[in-house]
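With positions in the sequence shown counted from 1, the corresponding number in this note's numbering is that position plus 356. C-beta: ideal position from N, C-alpha, C; glycine also.
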Amino acid sequence: MKRTLRGAATTATALALLAGPCALPATAQTPAPAAPAAAEQAKRPNVIVILVDDMGFSDIGPYGSEIPTPNLDALAANGLRFTQFYNSARCSPSRASLLTGLYPHEAGVGYLDNVVRPDGAGGLQGRIADRAVTIAEVLKPAGYFTGMAGKWHVGAQHGTPPKVVGFDRSMFQKGGTYFPDQPGKGRTFVTIDGRQVRLDSPEVGTGEWYASDMLVDWTVRFVDEAKAAGKPFFLYLPFTAVHFPVMAPAEDIAKFKGKYMAGWDQLRRDRFERQKKMGLIAADAQLPGVLPEAYDWDKVPAADKERFDTIMAVYAAAVSRMDKAIGTLVADLKARGEFDNTLILFMSDNGGNAESGPDGRTGAAPWGGKYSNVFVGLNWATLQNTPFRYFKHYTEEGGIATPLIASWPAGIDTKVRGTMVREPGHLVDVMPTLAELAGARYPARFDGHDIRPMSGRSFAGAFEGEPLTRSVPIFWEHEGNKAVRDGKWKLVAQFGAPWQLYDMSTDRTETRDLAAAHPDIAARMAKQWDDWAATSFVDPWPNKIDGGVVKGRLEGGKAPGPGKGKRGKGKRKRAAQATTGE
């Protein structure tokens, strides 16, 4: 299918108040690598990029969690952990950025892909823009087999499904899909190579499968297809886990029941201490206070404590089962002789999710089952993002910090295995890294369109223990929340609020605002952000989105809804999509 079909249907929700200037082209930061010599072709790695959905910074063992993740522990122990790697604060924007090496608005997906602003600055197209190419489109001409299985969420309904943007094979589904007979709008089918197939079809999976396992089965199938074709592979594995409604097999949930009765306050302190002991954060780091909307566990009634314990047990089970599926993937790669020369990158699309507020949500019993609608809520999201503030939606560290584990036995020097990479990085760095390692050319033009230069820089040098440098800042914008990271300095502001300035070399947890003490630095960085936004297709945002930061029932707020997944029609439905979509 021709790339030019991308421009077909682009009708969707418009944000009527958005407007912005036309964007100008940026200067390229990373030149296209030269084509590899024949002798080098054999050294090129296979690549599997794993993206987990709505998982907090500290929800896996290598980043301080109490949730057992032995398979990720093993990858980190023999690979690298990045301590200051960033996503783009939300699902669709992060996926667009990861896949294209551009910031979300540059890639055309500055918000969820159901939102299109045709008369705006060009950053809200709801699809991968013609000015962008995907990793699959860059690696495929270099001889790679390309495949993806999981959640897509970057414009399939607007002309950019996987098969149009470089993927040889694809199987994608709606976020929050865990079981073959799970009810819910958009969850009755998957799309296999462009064909809609019933979710419960044997073609998707056999028996009462669970999504994490099923997606790994598809990924391994693509490994076999690549081997049969005699090609290295680039595979994208965006898990359903742990997106709402969070679900897990009952036997996995049972393992965690009761383990969260200690409460989010104590467990957060425990994670913080583990992070300091492992050197993930500084020994003298300060744990920020919780937001005013959070509950004091000691004041929560006993019945509510049991309810909250179950909610987090469901979440922990989903994380644990995802780790088990990764163990299956690793074992299958080893059995096929492909593990040593496969670069595995593991990361999350945003911070923990506070949507549904302090009370969380459960839906129908049994909680975590196919008819339930579990949202973990603000209190558990605060634990999940330890040691940071805020959540998905926001550009404080809790919204944008992601774990990044890199495993590549044949490519990561033995002297740095098991160590940490402490220089800042971003999803935009994945494209230049993979293009360099694959010996692939990043195009200036593709299918008749000028292609925007990559926004990131390669981190391949970290695999040899080389220090990473960055010549330009890192930028964020989502829902009017914004930030810029320039060296040790970070400037951040929520919608309509003043800028705050933090020295990340001494205050990674953002506890001491230095904007008043260093107005010159704050002003310089604010201009950097303004200049970036003006040339990167960023539309002004019209209204504040709470992102789950609301007063809960126990503090006089409204009780959480029934959580049956029902939505209204017309304008009310569109409003819900714009605030708490996938």
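Rounded to whole angstroms, the gap between the alpha carbons of Trp885 and Pro829 is 9 Å. The secondary-structure analysis by DSSP pairs Glu833 across a beta bridge with Lys838. Annotated three-state conformation of Tyr419 is helix, per DSSP. Spanning the alpha carbons of Ala604 and Glu564 requires a straight line of approximately 12 Å. Per DSSP, Asp859 lies in no alpha helix (DSSP H) segment; the continuous beta strand (DSSP E) that holds it begins and ends at 856 to 859. Linking Leu636 to Gly522 through their CA atoms gives a straight-line distance of about 37 Å. Distance check between Asp410 and each of Arg868, Pro714, Gly843, Val675 places Val675 closest, using alpha-carbon atoms only.
Cβ neighbours of Ala839 within its own chain (closer than 6 Å, five residues either side excluded): Thr751, Trp832, Val848. Scanning Asn706, Pro823, Gly804, His599 for the CA closest to the CA of Pro780 turns up Pro823. With 16 or more other CB atoms across the displayed protein chains lying within 10 angstroms of its CB, Lys846 is buried. Segment contact: the stretch 498 to 518 against the stretch 571 to 588, three or more CB-CB distances shorter than 8 Å; contact assigned. Scanning its chain for C-beta atoms nearer than 6 Å, with the 5 sequence neighbours on each side dropped, one finds around Thr742 the residues Ser414, Arg624, Arg627, Phe628, in chain order. With distances taken between CA atoms, Ala582 lies nearest to Ile404 out of Gly479, Phe528, Ile404. The shortest CA-to-CA distance from Lys680 to any of Thr718, Ala873, Asp608 is the one to Asp608. Exclusion of the five residues before and after His509 leaves Cys447, Ser448, Arg451, Asp469, Gly531, Glu938 as the residues of its chain whose Cβ lies within less than 7 Å of its Cβ. CA-CA distance, Gly614 to Ile667, rounds to 11 Å.
Pro594 sits in a strand when the DSSP states are folded into three classes. Under the criterion of beta carbons closer than 8 Å, Phe595 and Ser568 qualify as touching, at roughly 6 Å. Taking each of Ala871, Asp863, Ala584, Thr718 in turn and checking the Cα distance to Ala639, the smallest one comes out for Asp863. Asp537 counts as exposed, since fewer than 16 other beta carbons sit within 10 angstroms of its beta carbon. Val777 is positioned such that its CB atom lies closer than 8 Å to that of Phe438. For Gly719 and Phe731, the gap between their C-alpha atoms comes out near 9 Å. By the neighbour-count criterion, in which 16 or more other beta carbons inside 10 Å mark a residue as buried, Lys844 falls on the exposed side.
Considering only Thr533, Val546, Ala606, Gly817, the residue with the shortest C-alpha distance to Pro518 is Val546. Within the same chain, Ile807 come within 7 Å of Arg801 by CB-CB distance, once the 5 residues on both sides are set aside. A contact between stretches requires three or more CB pairs, one per stretch, nearer than 8 Å, and the stretch 884 to 902 fails this requirement with the stretch 686 to 698. Using a Cβ distance threshold of 8 Å, Ile491 and Phe590 count as a contacting pair. For Arg880, the uninterrupted alpha helix (DSSP H) run begins and ends at 875 to 890, by DSSP. Rounded to whole angstroms, Ala721 and Tyr727 show a C-alpha spacing of 7 Å. Secondary structure note for Tyr442: its beta strand (DSSP E) is the uninterrupted segment 436 to 442.
Collapsing the DSSP output to three states places His599 in coil. Sequence-distant Cβ neighbours of Leu857 in its own chain, meaning closer than 7 Å and more than five residues away, are Trp845, Leu847, Asp869, Leu870, Ala871, His874, Ile877, Ala878. For Met504, the secondary structure class from DSSP, reduced to helix, strand or coil, is strand. Within its own chain, the residues whose Cβ lies closer than 6 Å to the Cβ of Gly754, once the five positions on either side in sequence are excluded, are Gly707, Asn741, Phe744, Arg745, Tyr746, Phe747, listed in chain order. The stretch 415 to 426 and the stretch 709 to 718 do not touch, with fewer than three beta-carbon pairs separated by less than 8 Å.
Using a 10 angstroms sphere on the CB of Lys507, the tally of other CB atoms reaches 16 or more, which defines it as buried.
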